[in-house]
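Data first, discussion second: the structure below is written as structure tokens.
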Amino acid sequence: QVQLVESGGGLVQAGGSLRLSCAASGSIFSFVAMGWYRQAPGNERELVALVLSSGNTIYADSMKGRITFSRDNAKNTMYLQMNNLKPEDTAVYYCNANTVNGAHWGQGTQVTVSS
13 QVQLVESGGG LVQAGGSLRL SCAASGSIFS FVAMGWYRQA PGNERELVAL VLSSGNTIYA
73 DSMKGRITFS RDNAKNTMYL QMNNLKPEDT AVYYCNANTV NGAHWGQGTQ VTVSS
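In this text, residue positions in the sequence shown follow the numbering used here: the first is 13, and each later residue adds one.
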């Protein structure tokens, strides 16, 4: 069973930056895909960044150019660097990992961007 634990959320002013971290209990080498999603109040959960086992990375159009996905295989940790944050980026951010056994989610970390 894969367990994912996010950290790094918080309150930031518009234009600021945050780096989210997601520590996995297992080797991230085994993940078919991994990434970040977010959910704002009243909205559906939406994709922020997705990395496939092929190495291809998909970024949400709304955040493209402002975010970077990275990973540290030795630490079994993935990161999401977010720059030039906007109030509309306010949401709970979840990390996700897909394995042959299915999809796994972290508990989420709140990101709040004030104007």
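Ideal Cβ placement from N, Cα and C applies to all residues, glycine included.
Excluding sequence positions up to five before and after R31, its CB lies within less than 8 Å of the CB of G20, Y91, L92, Q93, M94, all in the same chain and listed in chain order. Annotated as proximal: G47 and N108, with beta-carbon spacing under 7 Å. Across the structure, A35 and S127 are spaced so that their CA atoms are roughly 30 Å apart. Within the region 78-123, the runs of beta strand (DSSP E) at least 3 residues long that lie entirely inside it are, in chain order, 79-84, 89-94, 103-111, 114-117. A distance below 6 Å between beta-carbons, with the five flanking residues on each side excluded, links Q122 to the following residues of its chain, in chain order: G21, V104. Apart from sequence neighbours up to five positions away, the residues of its chain that approach E58 with a beta-carbon distance below 8 Å are Y49, R50, Q51, A72, ordered along the chain.
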